[in-house]
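According to the UniProt record's numbering, the sequence shown is numbered sequentially starting from 1.
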Amino acid sequence: MEDMDNKKLQEPGEQIKPVVTEEEVRELAWRLFGMRVRSMEELTSYDDKNFHLMMEEDYDNAYIKDIRPDGYVMKILNTFQSRDPTTIEAQHAMQKHLRDRGIVTQEPILNREGKDMSLEVMMFNPQILDKGGKNSRAYIVRLVTFIPGTIFFRTPYIPGSFYNIGKFVGRLHKAIKGFHHPFYDNYEFLWSLKSIPKLSEFTFAVQNAEDHKVVEEVITAYREEVIPKYSQLEKSIIHGDINEQNLLMVEIPGQDDVKPEEREHDVCGILDFSDVTYSYKVFDVALSIAYLSIKCDESRNVDVGGHVLAGYFTAGKLNDVEMDVLRTCMCARLAQSLTLGAYTFYLYPENPYVLTTSKGGWSLLHKIWSISKEKLMKRWMDIIEEHSKLS
């Protein structure tokens, strides 16, 4: 596999999502891992292909002891990140670092050759050619454990759960401390908040004039308010995509008398380490607030940040400058997700998942952007104070 420049960014018009059939997934499971697929379910994914696989009891792989009853996830990486296996080596190293410190993450399964990944050349419709005129592409394929749990998206959006997620993010940041992998020393990619200035190249996909205007305003604000303050933000390895689809939740016991839609949940695991970067800790906090707010009821979606921060401050902290840029970073992530979602849908109209953020995201962006930083911070600090009285 060829080396890649860690600072290379995906270009407009570059199609990177894997093209693979269920029949090919079954063939890969047997050829690479010596397992026969009993059933499969494709999982939502932005640029990759992920399948939850349940396996038959018989297998042919000297590196596994038994078949896991909860199944596995086959992850087929997009062509952009498949160019360099070091990205997966770094992810696996970070996940192990976190597991050793009590954070539940997926574990890689070794294939028949004793490796935790392989590069596979896949053929697709000969009428579809990539920029080089080829009808085949190479993807990194791996198998990881399936973690039981319910993604946050399917649980109640209530203050107690937001608070628990904030606590988890604080614990996650503590656990990350001390981790280093050279891959992340200069790795940048399109979904990093540090790539916000590049977002202007993709705004052509945003058709609505008012939406386009607010995105450009946020990009300008990021350039003027956040970038000059980089030196005052705490640098750290960050997860980079703490969203409603990547947090696994479990219902807290003892709530039999509580209505199902009001039951509190806690985090039992975290998924998807493909957006990890060496960046700024506040970015993780900002983007988690952004994603958790999108599907929250409009009557209280502005308050999500207060609940998340209240939980976060039980295990972590943000300095005054980080608090000052939090609103702009939150809106930058919304603008980034909405713009790249529109752009990706332009490329892949058959994949509605890429528009997940747009359902409520645009209205939230306009709403948060219309509230002054001072007013929003006061609202969140009042919520933090209320939580402190209850603890």
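For every residue, glycine included, the Cβ atom is placed at its ideal position computed from N, Cα and C.
Note that this is a predicted model, so its numbers are computed, not measured.
Which value, in whole angstroms, describes the spacing of the CA atoms of residue i and residue j?
{"i": "Glu57", "j": "Pro156", "result": "36 Å"}
{"i": "Asp48", "j": "Leu77", "result": "5 Å"}
{"i": "Leu247", "j": "Val304", "result": "16 Å"}
{"i": "Glu107", "j": "Arg26", "result": "20 Å"}
{"i": "Ala62", "j": "Phe183", "result": "30 Å"}
{"i": "Lys167", "j": "Lys75", "result": "29 Å"}
{"i": "Gln127", "j": "Ser274", "result": "Note that Gln127 has pLDDT 49, beneath the 50 cutoff, so the model's placement of it is unreliable and the number below is only indicative. Those two C-alpha atoms are separated by around 30 Å."}
{"i": "Thr314", "j": "Phe345", "result": "39 Å"}
{"i": "Ala93", "j": "Glu42", "result": "26 Å"}
{"i": "Leu376", "j": "Ala342", "result": "28 Å"}
{"i": "Leu28", "j": "Asp116", "result": "14 Å"}
{"i": "Tyr348", "j": "Leu355", "result": "11 Å"}
{"i": "Ile227", "j": "Met123", "result": "43 Å"}
{"i": "Lys367", "j": "Val258", "result": "32 Å"}
{"i": "Trp380", "j": "His52", "result": "39 Å"}
{"i": "Arg99", "j": "Asp60", "result": "28 Å"}
{"i": "Ile371", "j": "Pro159", "result": "21 Å"}
{"i": "Gly133", "j": "Ile383", "result": "Because Gly133 sits at a pLDDT of 47, beneath the cut-off of 50, its placement in the model cannot be relied upon, and the following sentence gives the value as read from the coordinates. If you take the alpha carbons of Gly133 and Ile383, they lie about 56 Å apart."}
{"i": "Ala138", "j": "Pro85", "result": "12 Å"}
{"i": "Leu292", "j": "Phe152", "result": "9 Å"}
{"i": "Gly178", "j": "Trp30", "result": "38 Å"}
{"i": "Pro69", "j": "Leu193", "result": "38 Å"}
{"i": "Lys378", "j": "Ala310", "result": "13 Å"}
{"i": "Val215", "j": "Trp191", "result": "15 Å"}
{"i": "Ile103", "j": "Ala209", "result": "43 Å"}
{"i": "Lys17", "j": "His212", "result": "26 Å"}
{"i": "Phe204", "j": "Pro197", "result": "14 Å"}
{"i": "Leu287", "j": "Ala221", "result": "16 Å"}
{"i": "Tyr312", "j": "His387", "result": "11 Å"}
{"i": "Val37", "j": "Phe80", "result": "28 Å"}
Below 8 Å between beta carbons: does that hold for residue i and residue j?
{"i": "Thr87", "j": "Gln95", "result": "no"}
{"i": "Val164", "j": "Asp266", "result": "For clarity, residue 164 is Asn in the given sequence; the question names Val instead. Closer than 8 Å, so yes."}
{"i": "Ile140", "j": "Ser82", "result": "yes"}
{"i": "Ser195", "j": "Glu188", "result": "yes"}
{"i": "His239", "j": "Asp185", "result": "no"}
{"i": "residue 393", "j": "Met54", "result": "Nothing about residue 393 can be reported from this structure: the residues present for the chain run from 1 to 391 only."}
{"i": "Ser289", "j": "Gly360", "result": "Here residue 289 turns out to be Ile, not Ser, going by the sequence shown. Not closer than 8 Å, so no."}
{"i": "Leu199", "j": "Gln336", "result": "yes"}
{"i": "His173", "j": "Ala90", "result": "no"}
{"i": "Leu340", "j": "Ser358", "result": "no"}
{"i": "Arg263", "j": "Glu244", "result": "no"}
Pop quiz: residue i and residue j are said to be a contact at Cβ under 8 Å. What is the actual Cβ separation, rounded to whole angstroms?
{"i": "Val218", "j": "Trp362", "result": "Their Cβ separation, rounded to whole angstroms, is 12 Å, which puts Val218 and Trp362 out of contact at 8 Å."}
{"i": "Val73", "j": "Asn50", "result": "6 Å"}
{"i": "Phe162", "j": "His307", "result": "4 Å"}
{"i": "Ile237", "j": "Val206", "result": "In fact, because the Cβ distance is near 31 Å, the residues do not count as touching under 8 Å."}
{"i": "Leu318", "j": "Leu365", "result": "Contact doesn't hold; Cβ gap of about 22 Å is too wide."}
{"i": "Val144", "j": "Ile242", "result": "Not quite, the Cβ-Cβ distance comes to about 19 Å (not below 8 Å), so this is no contact."}
{"i": "residue 480", "j": "Leu32", "result": "Lying before the first or after the last residue shown, residue 480 is absent from the chain, which here runs from 1 to 391."}
{"i": "Met40", "j": "Glu23", "result": "That pair is no contact at about 11 Å."}
Taking 7 Å as the cut-off, is the C-beta of residue i nearer than that to any heavy atom in the ligand SAH?
{"i": "Glu322", "result": "Ligands in the displayed structure: none, and consequently the ligand SAH is not present."}
For residue i and chain B, any beta-carbon pair shorter than 8 Å?
{"i": "Val169", "result": "Of the chains in the structure shown, none is chain B; there is only one protein chain."}
Problem - the region 279-294 in contact with the region 321-335 per 3-pair CB rule at 8 Å - result: Touching, per the Cβ criterion.
Exercise for the section: Answer yes if the region 310-327 comes into contact with the region 221-233, meaning at least three C-beta pairs across the two stretches below 8 Å, and no otherwise. Expected result: yes
Practice task
Identify every run of the alpha helix (DSSP H) within the region 141-186, keeping only runs that are complete inside it and at least 4 residues long; order them along the chain.
Solution key: The region 141-186 contains these whole alpha helix (DSSP H) runs: 159-176.
Practice task
May I have a chain-ordered list of the alpha helix (DSSP H) segments no shorter than 4 residues that lie completely inside the region 189-237?
Solution key: Complete alpha helix (DSSP H) runs here, min 4: 209-221.
Practice task
Pick out the complete alpha helix (DSSP H) segments inside the region 352-390, 4 residues or longer, and give them in chain order.
Solution key: 358-370, 373-390
Exercise for the section: For the region 254-340, list the alpha helix (DSSP H) runs that are entirely contained and at least 4 residues long, ordered along the chain. Expected result: 281-294, 304-312
Exercise for the section: Just list the beta strand (DSSP E) runs in the region 7-80, keeping only unbroken ones of 3 residues or longer that don't cross its boundaries, in chain order. Expected result: 35-43, 49-59, 72-76
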